[in-house]
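For reference, the structure is listed below as structure tokens.
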Amino acid sequence: MSTGKIIESGFRILPIQILVVVLLFGLHLLGLVDVLPALIIAAVIGIAFFWMDRRYRIVVNRLTDALKTARSTQRNLAPLRAKIAEGIDAPLLLIDPLRKVLDANRPARTLFGNNLIGRDVSLYVRHPDILEALGKVMQGAPIARLEASLTGAVERIFSISVSRVDNSRHASDSDGESTEPAFYVVISMHDITKMRVAERMRADFVANASHELRTPLSSVIGFIETMNGPAKGDEAAQERFLGIMEEESRRMVRLIDDLLSLSRIELDKHVQPKSSVPLEPILKGVAASLEPTVQKRHMAINILVPDSLEPVQGDADQIHQMLQNLTSNALKYAYEGSTVTLSAQPVDRIPESGQRGIAISITDHGPGIPPEHLPRLTERFYRVDAARSRKLGGTGLGLAIVKHIVSRHRGHLDIRSILGKGTTVTISLPIYQGPREPEDHP
């Protein structure tokens, strides 16, 4: 019985008192009861009913207070539960039996968008395996676990749990007033991208390192055997072999350093950097670090940056590494005595992401790259001229590193080349938007 019904029943006591008084008055008119006994009986009955009504109302007030306290506790726990869900750094979705999203915490809104609440989950979660698991759980399966890849700016891999939660409040409401569903479905998602990427990296590192290190190691071993055999007493040959062995050893060190650098970048490629990075100091730093190469080849680096250039959003060290790789390539392969130009300018829209950004271009004047090679330049160990690349100290990983840094920064890479004239590599990076204000929970 609800509180309203309990209180309504309390008003039945007054009509009973009136009925007793009218009955006694009628008996007096009929001569069956004298005035004095009737008054005494009416007074006793009135006092008894008054005492009963008073006790009744005390009990009702206590019950009402208890119900108010219980409901107040439930109202206080609701925002607390919402805050707990917001504090969980894994995406959580609450789905009703009609497949509509009742609630989603901040990571879920970041992953799927802010407008998913109140709409069909299949409009935002489109992975067929997740939707199939959701259907099975809604039909009665207690829990479903799966692993799924979600593609966006970068691929992310999630371990997903889909579980059914029966609504005890729906079951306990027998008066027909409940509008809550019989059950809910909770989808929880744990990001395991780093773990899966680390597993792939270990396999790739072993395969790539064993393949690329085999040639220089074989050369070093061959020279050592020659120096211990036919050239054992030939000082001129030993000196020449030692020089080659030193160069091959340095090449192996560069190769291992690039492989490790590429592995570190791949490990964090799904996490976009959030720092504000001014570009002009980085461009000047790149030019200063490559000054020995510039002087050796009698070249020049020209930096063109407009006034009041906005900072980009990113990781300063990785942007420096990326621009240094590209500028170093330009200095190696351009004509001796030419100029390499580093320029930066705002763009209204970065391809694919659509954000405002800064386009950074590295332009050289050299032989250029044949068009059939352009689509494959960012592949690991792909070289247009393998012999020349090795001679100039290249590892075949420079542009692969650049591609992964651009991907992590949600940017865009464009390579254009004209044979006999030169090559322009353009990197577009998003403009820094400032720290994001926390979103209000819908």
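Quick note, in the UniProt record's numbering, the sequence shown goes up one by one and the last residue is 442.
For every residue, glycine included, the Cβ atom is placed at its ideal position computed from N, Cα and C.
(message) Tell me the rounded alpha-carbon separation between ARG250 and VAL347.
(response) Stepping through the sequence shown from its first residue, residue 250 is reached at position 250. Stepping through the sequence shown from its first residue, residue 347 is reached at position 347. Cα to Cα, the separation comes out at about 40 angstroms.
(message) When you compare the CB positions of ALA400 and GLU372, do they come within less than 8 angstroms of one another, or not?
(response) Counted from its first residue, the sequence shown places residue 400 at position 400. Counted from its first residue, the sequence shown places residue 372 at position 372. No; because the gap between Cβ atoms is not below 8 angstroms, this pair is not in contact.
(request) Check whether the stretch 212–222 touches the stretch 281–289, taking contact to mean three or more Cβ pairs, one atom from each stretch, closer than 8 angstroms. (result) no
(request) Can you give me the start and stop residues for the beta strand (DSSP E) that ASP317 sits inside? (result) Taking the first residue of the sequence shown as position 1, residue 317 is located at position 317. Looking at the DSSP string, ASP317 is not in any beta strand (DSSP E); the run it does join, the alpha helix (DSSP H), is 316–333.
(request) Report the rounded CA-to-CA distance for PRO281 versus GLY354, giving the unit in angstroms. (result) If you number the sequence shown from 1, residue 281 lands on position 281. If you number the sequence shown from 1, residue 354 lands on position 354. When rounded, the distance between both Cα atoms is 26 angstroms.
(request) Would you decide whether LEU242 is buried or exposed? Buried here means 16 or more other CB atoms lie within 10 Å of its CB. (result) Taking the sequence shown and counting its residues from 1, the one referred to as residue 242 is at position 242. Counting Cβ neighbours within 10 Å, LEU242 comes out exposed, since fewer than 16 surround it.
(request) Thinking ILE265 and GLN318 are a contact (beta carbons under 8 angstroms), I'd like their distance in whole angstroms, please. (result) The count along the sequence shown starts at 1 and reaches residue 265 at position 265. The count along the sequence shown starts at 1 and reaches residue 318 at position 318. That belief holds up - the Cβ atoms of ILE265 and GLN318 are roughly 7 angstroms apart, short of 8 angstroms.
(request) Count the other CB atoms, across all protein chains shown, that sit within 10 Å of the CB of MET195; report buried if there are 16 or more and exposed otherwise. (result) Here residue 195 refers to the residue found at position 195 of the sequence shown. MET195 comes out exposed.
(message) Closest to VAL186 by C-alpha separation, out of ALA330, GLN345, GLY420 and PRO91, would be which residue?
(response) Locating residue 186 in the sequence shown gives position 186, counting from the first residue. Taking only the C-alpha atoms, the option nearest VAL186 is PRO91.
(request) Using three-state DSSP, classify PRO430 as helix, strand or coil. (result) Numbered from its first residue, the sequence shown carries residue 430 at position 430. Of the three classes helix, strand and coil, the one that applies to PRO430 here is strand, per DSSP.
(request) Under the assumption that PRO278 contacts PRO311 (Cβ atoms under 8 angstroms), give the Cβ distance between them as a whole number of angstroms. (result) Locating residue 278 in the sequence shown gives position 278, where the first residue counts as 1. Locating residue 311 in the sequence shown gives position 311, where the first residue counts as 1. Confirmed, about 5 angstroms.
(message) What does the alpha-carbon distance come out to for the pair ILE256 and PHE381?
(response) Looking up residue 256 in the sequence shown gives position 256. Looking up residue 381 in the sequence shown gives position 381. Near 13 angstroms, if we compare the C-alpha coordinates of PHE381 and ILE256.
(request) Could you tell me which residues DSSP pairs with PHE158 in its beta bridges? (result) As a position in the sequence shown, residue 158 is number 158, starting the count at 1. In the DSSP output, where bridge partners are listed per residue, PHE158 has ALA148 and ASP191.
(message) Determine whether the beta carbon atoms of VAL340 and ILE362 lie at a separation below 8 angstroms.
(response) Translated into positions along the sequence shown, residue 340 becomes position 340. Translated into positions along the sequence shown, residue 362 becomes position 362. Yes; because the gap between Cβ atoms is below 8 angstroms, this pair is in contact.
(request) Figure out for me which residue from LEU331, ALA182 and PRO107 has the closest Cα to the Cα of MET299. (result) Your numbering for residue 299 matches position 299 in the sequence shown. For MET299, the nearest C-alpha among the options comes from LEU331.
(message) Determine whether the beta carbon atoms of ILE143 and SER159 lie at a separation below 8 angstroms.
(response) As a working note, residue 143 is residue 143 in the sequence shown. As a working note, residue 159 is residue 159 in the sequence shown. Contact flag unset, no.
(message) I need the boundaries of the alpha helix (DSSP H) containing THR238, first residue and last residue.
(response) Translated into positions along the sequence shown, residue 238 becomes position 238. It should be pointed out that residue 238 corresponds to Gln in this sequence rather than to Thr. Start and end: 235–267.
(message) Taking its Cβ as the centre, do 16 or more other Cβ atoms sit within 10 Å of ASP191, making it buried, or is it exposed?
(response) On the sequence shown, position 191 is the one that residue 191 refers to. Buried is the call here.
(message) If the criterion is Cβ atoms closer than 8 angstroms, does the pair ALA133 and LEU116 meet it?
(response) Locating residue 133 in the sequence shown gives position 133, where the first residue counts as 1. Locating residue 116 in the sequence shown gives position 116, where the first residue counts as 1. Taking 8 angstroms as the Cβ cut-off, ALA133 and LEU116 do not qualify as a contacting pair.
(request) May I ask you to report which of helix, strand or coil DSSP gives GLN313? (result) Locating residue 313 in the sequence shown gives position 313, counting from the first residue. If DSSP states are grouped into helix, strand and coil, GLN313 belongs with the strands.
(message) Can you tell me whether ARG109 is buried or exposed? The criterion is at least 16 other CB atoms within 10 Å of its CB, across all chains shown.
(response) Numbered from 1 along the sequence shown, position 109 holds the residue referred to as residue 109. So ARG109 counts as buried.
(message) Taking the beta strand (DSSP E) that VAL286 belongs to, which residues open and close that run?
(response) Counting from one through the sequence shown, the residue named residue 286 turns up at place 286. No beta strand (DSSP E) contains VAL286, which is instead part of the alpha helix (DSSP H) from 279–289.
(request) Express the C-alpha separation of SER218 and GLY411 in angstroms, rounding to a whole number. (result) Taking the sequence shown and counting its residues from 1, the one referred to as residue 411 is at position 411. Taking the sequence shown and counting its residues from 1, the one referred to as residue 218 is at position 218. In a straight line, the C-alpha of GLY411 is about 40 angstroms away from that of SER218.
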